[in-house]
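Notes for the one structure printed next.
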Amino acid sequence: MAGMEINELLRFVLITFIISLLVISVALLLQKKRGNLVNGFTLSMISAISVIVSGTNLMVMGYIADEFNLSGDAMSTYMFFIILGLNILNFLIYLKKA
Numbered sequence: 001m002a003g004m005e006i007n008e009l010l011r012f013v014l015i016t017f018i019i020s021l022l023v024i025s026v027a028l029l030l031q032k033k034r035g036n037l038v039n040g041f042t043l044s045m046i047s048a049i050s051v052i053v054s055g056t057n058l059m060v061m062g063y064i065a066d067e068f069n070l071s072g073d074a075m076s077t078y079m080f081f082i083i084l085g086l087n088i089l090n091f092l093i094y095l096k097k098a
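Under UniProt numbering, the residues of the sequence shown are numbered 1 to 98, in order.
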């Protein structure tokens, strides 16, 4: 069914954001002084882009599920909450390194 394939492709975008945010978290934890690899502007832009794109993907998945009379996708919602949590964690790590 076409709706399920699209959900899998959109879920891949969420997984990519989760992996990239985990890499940023590790980079923030390993950098010695503030601003070496990841500065505040970069962190805020990546966070804003990941939340906006993930939220849009979540809404699109809801529209697709509604059009094809499918049930909602709970895993994608959990992935969105993981992305939000990682963004908050990255900001806290960045502020702690100040």
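Backbone N, C-alpha and C fix where the C-beta goes; we use that ideal spot for every residue, glycine too.
Where does residue i sit, in a helix, a strand or coil, going by DSSP?
| i | result |
| --- | --- |
| Asp73 | coil |
| residue 99 | No answer is possible for residue 99: it lies beyond the span of the chain, which begins at 1 and ends at 98. |
| Phe68 | coil |
| Lys97 | coil |
Can you tell me whether residue i is buried or exposed? The criterion is at least 16 other CB atoms within 10 Å of its CB, across all chains shown.
| i | result |
| --- | --- |
| residue 100 | The first residue shown for the chain is 1 and the last is 98, placing residue 100 beyond what the model contains. |
| Met75 | exposed |
Cα separation between residue i and residue j?
| i | j | result |
| --- | --- | --- |
| Ile64 | Ser54 | 15 Å |
| Val60 | Phe17 | 17 Å |
Could you check whether residue j and residue i sit closer than 9 Å to each other, using their CB atoms as the reference points?
| i | j | result |
| --- | --- | --- |
| Leu89 | Ser20 | no |
| Lys96 | Lys33 | no |
| Ser50 | Ile83 | yes |
| residue 99 | Leu28 | A query on residue 99 cannot be resolved here, the shown segment of the chain reaching from 1 to 98 and no further. |
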